[in-house]
Amino acid sequence: HPPYDGDTWIGIDVTDFYKFSNTGMYPVCMIGGCHNSQFNVSILNLLKFGEIKDIYYKSEWSPESFGWWIVRMADKGAIASIGNTGLGYGAIGDNNDDGIPDTLQFYGGFIDGEFFRVYAEEGKDILGETYGTTLTNYIMKFPPMEDQIDAKTVEEWVLLGDPSLKIGGYPS
């Protein structure tokens with residue numbers, strides 16, 4: 219949803235996945251936002267009538283999480299995904315007055331971008347190594363014992379897929 223507007227939602231959800239047509243082209247899908255790779259989702263959650271508003275809001279009614287669903291689709295979707303099992307934290311403004319939006323420099327914005335920097339600039343092209351290096355870099359820059367949101371950022375940011383995969387594949 220747009221900043222400061224919790225009522226407007228944009229983007230795709232699992233009901234749109236059948237429209238995908240990317241046979242033979244399987245990306246590593248970085249999914250920003252909240253609860254997109256949550257583990258405890260199930261259509262059976264719809265039976266929890268007293269919690270239905272919260273369950274619907276977090277998409278806990280889905281048969282599988284967004285992150286896993288996009289990976290497990292045959293002949294479309296992604297080869298792996300990285301997303302949040304809970305809240306995906308972000309920052310707003312430019313509190314350090316460096317001209318770079320804080321949404322890119324902290325929390326989820328930093329860790330997502332760092333994954334691509336590690337791949338492009340450090341040359342890490344094995345998925346698990348890229349993922350692990352990204353987590354290490356985040357922890358070194360933002361010690362999780364100093365800020366609970368930094369701790370949650372690294373705890374909730376999960377890789378769904380085979381960590382031994384080579385990003386971009388092997389030459390044929």
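Under this note's numbering, the letters of the sequence shown match residues 219 to 390, in that order. From the three backbone atoms N, C-alpha and C, an ideal C-beta is built for every residue, glycine too.
For residue i, name the three-state secondary structure that DSSP assigns.
i: L264; result: helix
i: I397; result: Summary: the structure shown does not reach residue 397, with the chain confined to residues 219 through 390, and so no result is reported for it.
i: A369; result: helix
i: K384; result: strand
i: W375; result: strand
What residues in its chain sit with their C-beta under 7 angstroms from that of residue i, if we drop five residues either side in the sequence?
i: K384; result: D343, I344
i: W375; result: I300, N302, I329
Going by beta carbon distance, what residues of the same chain come within less than 8 angstroms of residue i, once the five residues before and after it are set aside?
i: K266; result: I273
i: F235; result: W287, I288, M291, K294, G295
Would you tell me roughly how many angstroms separate the C-alpha atoms of residue i and residue j, rounded to the nearest one?
i: L262; j: W286; result: 17 angstroms
i: P319; j: G327; result: 10 angstroms
i: L377; j: I310; result: 26 angstroms
i: G308; j: T348; result: 22 angstroms
i: V246; j: Q323; result: 22 angstroms
Cutting at 6 angstroms between CB atoms, please list the residues of its own chain near residue i, excluding the five before and the five after it.
i: D225; result: none
i: G251; result: G306
i: N240; result: K294
Look at residue i and residue j and say whether their C-beta atoms are less than 8 angstroms apart.
i: T371; j: Y325; result: yes
i: N313; j: E332; result: no
i: G379; j: I297; result: yes
- Contact between the segment 287 to 305 and the segment 249 to 269 (3+ Cβ pairs under 8 angstroms): yes
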